[in-house]
Every structure is written in structure tokens, then in C-alpha cells.
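**Q** In full-length UniProt numbering, the protein residues as written are 1 to 768. Where is the CB? At the ideal position from N, CA and C, for every residue including glycine.
#1: Can you give the Cα-Cα distance for residue 520 and residue 731, rounded to whole angstroms?
#2: Between the segment 172-183 and the segment 44-52, do three or more beta carbon pairs fall short of 8 Å?
#3: Taking the C-alpha atoms as reference points, what is the distance between residue 289 and residue 332?
#4: I'd like the span of the alpha helix (DSSP H) that includes residue 568, first residue to last.
#5: Within the continuous alpha helix (DSSP H) that includes residue 227, where are the two ends?
#6: Check whether the Cβ atoms of residue 176 and residue 304 sit closer than 7 Å, and answer yes or no.
#7: Helix, strand or coil: which one does DSSP assign to residue 442?
#8: Taking contact to mean at least 3 C-beta pairs separated by less than 8 Å, is the segment 458-472 in contact with the segment 746-754?
#9: In terms of residue numbering, what span does the beta strand (DSSP E) encompassing residue 284 cover?
#10: Can the beta-carbon of residue 190 be found closer than 7 Å to that of residue 36?
#11: Report the three-state DSSP secondary structure of residue 464 (helix, strand or coil).
#12: Report the rounded CA-to-CA distance for residue 790 versus residue 528, giving the unit in angstroms.
#13: On the DSSP bridge assignment, give the partners of residue 185 in chain order.
#14: Figure out for me which residue from 499, 451 and 11 has the closest Cα to the Cα of residue 462.
#15: Contact between the segment 642-661 and the segment 476-483: three or more CB pairs below 8 Å?
#16: Using a Cβ-Cβ cutoff of less than 6 Å, which residues in the same chain neighbour residue 648 once the five nearest sequence positions on both sides are dropped?
#17: Which residues bound the beta strand (DSSP E) around residue 628?
#18: Between which two residues does the beta strand (DSSP E) harbouring residue 328 extend?
#19: Around the Cβ of residue 137, are there at least 16 other Cβ atoms within 10 angstroms (buried) or fewer (exposed)?
#20: Taking the straight line between their C-alpha atoms, what separation do you get for residue 750 and residue 642?
#21: Quick one: is residue 566 buried, meaning 16 or more other Cβ sit within 10 Å of its Cβ, or exposed?
#22: Do residue 186 and residue 214 have their beta-carbon atoms positioned less than 7 Å apart in this structure?
#23: On the three-state DSSP scale, how would you describe residue 366?
#24: Between the segment 238-257 and the segment 501-509, do three or more beta carbon pairs fall short of 8 Å?
#25: What's the call for residue 248, buried or exposed, on a 16-neighbour Cβ count within 10 Å?
#26: Does DSSP classify residue 54 as helix, strand or coil?
#27: Answer with buried or exposed for residue 218, where buried requires no fewer than 16 other C-beta atoms within 10 angstroms of its C-beta.
#28: For residue 631, count neighbouring Cβ atoms within 10 angstroms of its own Cβ and tell me buried if that reaches 16, exposed if not.
#29: Which class does residue 770 belong to by DSSP, given the choice of helix, strand or coil?
#30: Residue 598 lies in the beta strand (DSSP E); which residues open and close that run?
#31: For residue 236, tell me which candidate among 224, 270, 262 and 150 has the shortest Cα-Cα distance.
#32: Can you give me the C-alpha to C-alpha distance between residue 19 and residue 449, rounded to a whole angstrom?
#33: Checking 7 Å against the spacing of the C-beta atoms, do residue 33 and residue 194 come in under that value?
#34: I need the DSSP call for residue 70, collapsed to helix, strand or coil.
#35: Hey, residue 348 and residue 475: beta-carbon distance below 7 Å or not?
#36: With DSSP as the reference, label residue 448 as helix, strand or coil.
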């Protein structure tokens, strides 16, 4: 998602966010200014570092923001666990109470960061071309600073001051976009600038973008000691798979959970006591958190963070998800969805503890769009009148009149840059250009939301052997099957990050055992199976899901609608990725595997409209029905994965042959073909044996697990009966569940999981 910026007038911006206080704080009097404090910077010609130093001396000497101290930040970077990319903001204002010395201050304490430039204005209205690499780099810097502060701190928004020589801009960043003031000369307009700085000093912490429902925990607080004790004391349970002696159930926290919490309370990472309201508003739950275990990259969008949290009521560890969800009435809260799934008895999904929107915390950048649109329309009308008058006045002259170039107004939809070349992970890009009169606001409104579930699970890459990986995928497909059959819900974001591992106590052959099971999480994007043309679809116009695991159909067609075969294909892509990366191949080296993974999952194509589409490697693998890692080499594991992948690929290949045939014979050119021949039919439940823990006997599966018949060549796309039958196996979950269970019952070699990507390998920049 491209990050968006909207231009605002400085007076309008500052009056909204830094209003003149009705009752100024008695300890923060207005500075007595008998002359221009910034006069010496009027003819400044030095470096950015020198500009930062002199600016800091001025604002501290004159105490322009009472209660704050200005400090430079660029001398040395933070530890890698705080800032792995070694990003360093030039300077920032800090609360006086948090400044302990003259040295380097921490990211967790920054209140208002300040970025200094001598030439390259990140938001220069006259140099906004995508080809302007220096301006783009400056924008990227500011965006990444904002991203890191939003990750480290608990924020509703971030205000940043950008100084470009003797000009300045105020900016406000939230999960929808950025509001940027026009540049102004703070040396010439010093009285306005100093007045705004004084107003900032009289703003509350909430006005400055700090989340009032998150209380900072310092080393002198009782909660600080409570977190230390929870991380290092108490009974701990070995989480390895094993038969439990005498059937004794484990008591205490799993080792990996306590270790994850211990790793989260790093010295340089701030800790918080956060509130999670109940939906009915009757109770507010309290949790203690440190560093997030998971953090989505980029400023734009939901900004998901996941924490191992300490429940203040029970003293147990839980999983807390902090997210800025899409705020439309047609989107259900994830907690409400989980409650439905829990009540319906859906297997292998998280257990809801509590959830709720954080009142009064929604993104505000979209609010600036409509007024600016009206301004643009008025300017367009005025310009048209001027142009008409100019043409009439010069109609009889010998030389034609030259039209003026319209000034920069605000953000335009990034689709207007079809030639823009960037990687899929570059979500920090800011594009500013005049917007058209007819476009709808491209900025999505987001609502701050927290969710807490009982289970703290392990990521998928922690699986220990190939059979265990297949078992985890089976459990996740089973959860998906239950959700579809019981609640008619499609997940719509099947990905590696949403398939987790959780140790469970099971009864097996009269014994009690601890076994690692799969769990399908993050249901916030789910929707009704038959909700095709409803109101929600109107708001969901882009593709939903994680790019690397989306089906070829979703990456290649215009419609964003997700159907059951797309979801089953996504499960296949997840299984393929982790098998390739962590299971040793019989005929491919680590370098070959690394290059294939990049080509298959990360490389993408561009259609004639500049739209991102599926890369060639992924398309060819599905369409050919074989995994060809290099020319002439079909991937082989020499274990049941070979048979499993061969069968799944034969089904997906057949599906796309059927889809191509339907599209070729479609009478309506603009009508998208159905993604499944059975998508309008309620999924039939599998046999009772599938619902059993261990599945059916293998002799019942021999008929449909036999190698598929050779396919006829596809010229004018004809579909054989065999191909139709194979494609129909994706109409329900039945065959995939049975195939996975059959694979689990085969004999597996004792292989351990190990990363096959060489430590020296680095990804390349590939564009198709």
C-alpha cells in the first residue's frame, strides 16, 4: 500500500492540532522574545549537522517549547534489536523528565522528531516527480523514522518537524497517511513559528499523539518488577512432543512462551501497561507488554503488532494483538468472528479472551481529503474562468496565449504511475501530485483495535520434521473446513504468518501425549462465503491477502473475490515454501532452492495498465503441474512430500485448464469466469473418518490417489473428463484433507528441519 500525503496550510494545521490554550500551564509561560531568535540562521550555508546543532542551541536557549528539551540523535545508532536498519533521526524534542544526560537519547522517548535538510525538501511541491531520487530518498527517511517510532512507542499519531535550510514544514503521520503543511520561512515568520512551539509545550500528551490507554512503565514502577518476575520465575513446562508419564498433565507456562516474554523486555525497548476494553464497555482489562514479537513493516495500513502479554488479572501469559483495522461498518471485528468460531466449536483456532475498539482513536488523515477536494474543484473552476477570459482577450492577437501550470494541491491515487518500479515490500513510498476532480478519497479510515487470545503459539518455521509440517497444515485446513461448514466463513489471508504451532494434550491409543498441532489465526479479513455482491465488496476493491501465498487466479484476474479453491491453493503455497526451505531436497542445492524461492514467491509481473500480477515461475509451476527448480530438474524429496505435491499440482493444473476453457467460451467479455465449478454449492461434509483424529484407512484412498492420466495438449483449450474430475476435487475440502491424512500415515524418513538457504545468499532485484 503506497503511503499518501495531503498538503495543508500551516495556520489551518496548527490551529487544529496545536490550538492556543485557554488556560496555559502556569509552569510553561510564553517566552519573552525581544528579537528574532533565528536571525543568525537567515544566511546559513553550512552542513545539515551544523544546522541541527545551531537550531538546537536556539530552541533550548530560548526555551521555545517549555517542558521539552531538544537533543541531537544521530551520533550513534540504537542496538540492533531496536533498530536493525541503523536508522538515525537527526534530532528530537523530549520531555524534560526523560532527559537524563547530554548524550544520545532513545527512540522510545522521542516526542517530536526533527529532520534537517539543506537542499532536498522531502515534500517539495515543485519537484515531486517519481524520478527525483533525492527527494524520494528524503521522503523515505522521514517515513521510516515515523514507522520505527510507531513500532517502539504506543502512538495514535506522530508529529514531525522538517527543517530545510531556513524553511520548515510540520507533518502529522498516522496509519492512513500524512498531512504536510506548506513550507514557510521560519526565520522571516519567526513570530508565528515561536507561537506554535509555545502552544506545543501546552498540549497534552494525547494531543501530541501519545496513546492515553497505554501507560509507560519505568524501572521504578511496581509493574516493572512484576514483568521481571513473570519472565524469570514460576513453573515452566517442557513443550517438546512426548508421551506424558502416568498421564500427568503439564502445569505451568511452556518454556518457549516464557522465553518469548523474557526476550520482549529488553532494556532499550519501552514497556507499557495497555488497556483492552470489552465490547459492552463494562470492563477494561489490563496487560503488560514490552517489545512486539511480530510487527508488520511499513507505515500505511493496519500496522499490526503482536505481543506476548502478561494478564494483570490472572498473571498468565496471553497473546495481544494491536492493530488499526479498516473502519467500515461492513467489516466485522476479529474478536466477534473468533467468538462465533469458538461458540460453533471450530477446531484449531484461537480462544478469545477479550477485544474492543479503543474509543476516540481513528486515523484523521482521511478527514483532510474532502475539504481539499472541494478546494481543488473551486480552484479548477477559477482557473477555467481565467483561461476563458485570457483566450477571449487574446483571440485577436498574433501570438497565442500560454496557459499557466497549475500548482501542486494534494495526493493522487498511485495508480497514475504505471511505470513506477518498486519492490512489493516497499510500503513507505510517498507520492504527491494534483488530484482529479472525480476521484474518490484513496485513503482508508482505520480504527485502533486490540484483541487478546489465550494461546501463545510458535511460528511455522519452528516445526522439527517434515511430517510435523504436514500435520500442522492439515490442522489448519481442518480449521478452515469447520469455519466454512459451520459459519460459512472464508479466511481470505492464508499465509505462513497465519498458520502457527501450538502444543496440545491429546489422548492417543490409551496414552496421554503432548503433540504440536496447527492453528489458523488472524481472521480479521474473513467474510461470508456467499457475500459476493454485498456492500462489503464495494469497499473491498483491492486484492486481499499476502502476496506470496495468493493463488495464481487472484494474482492474474481483475476481481478481488476469494473463493474456496483459492484458499486451498494458498495452503499449498505455504506448504511448498516451508518444505523447500526447511526440508533437504534429494536433487537440488541450497543456492538453487534460494533462487527458486525468490522467483516463485517474490518476483512479480506488470500488466499493460501497470498492475502487479503473478510472476512467471509461480504461473508455470501451477500450469505445468510440476516443480521445476532449474531447467531439466524436477524437485524431489524422496519422501511422501513427492506424492503429496504431485497430487495437489494435478488438481490445480486441472482447475486452470477448466478456468481457461470457461473464459475462452464466455459470451460476456467483461464477465470474470467463476473460480470454481462448485462454488455456488454448499460444501458437503467429508466422511466421518476425516473428522477422526487419524483419518481413513489407506486402502479406501487408492482409487483416487492413483497418478492422474496424461493430459491432452492445450491448443484451443479443450477439457477432458479426467481434468474436470480433478478440478472438482477443489470444490470442497474433502480431498485435500484426505490427501494430507494419507500422507501423514505413510512412512517418513527421520529428517530434521534446517534452513536450506545459504547464509551468504542475498536476494536480487528482479522485475519481469
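**A** Short version:
#1: 20 Å
#2: no
#3: 26 Å
#4: 564-582
#5: 222-232
#6: no
#7: Reduced to three states, the DSSP call for residue 442 is coil.
#8: These segments touch.
#9: 284-289
#10: yes
#11: coil
#12: There is no way to answer for residue 790, as the model of the chain reaches only from 1 to 768.
#13: DSSP, once it has assigned bridges, lists 167 as partnering residue 185.
#14: 499
#15: no
#16: Annotation for residue 648: 572 place their beta carbon closer than 6 Å to its own, counting only its chain and skipping 5 residues before and after.
#17: Element bounds for residue 628: 628-630.
#18: First-last for residue 328: undefined, no H or E at that position.
#19: exposed
#20: 16 Å
#21: Here residue 566 is buried, its C-beta having at least 16 other C-beta atoms within 10 Å.
#22: The answer is no: Cβ separation not under 7 Å.
#23: helix
#24: yes
#25: Residue 248 comes out exposed.
#26: helix
#27: exposed
#28: exposed
#29: As displayed, the chain neither begins before 1 nor continues past 768, which places residue 770 out of reach and without an answer.
#30: Looking at the DSSP string, residue 598 is not in any beta strand (DSSP E), and its letter there is neither H nor E.
#31: 262
#32: 28 Å
#33: It is a contact, given that the beta carbons lie within the stated cut-off.
#34: strand
#35: yes
#36: strand
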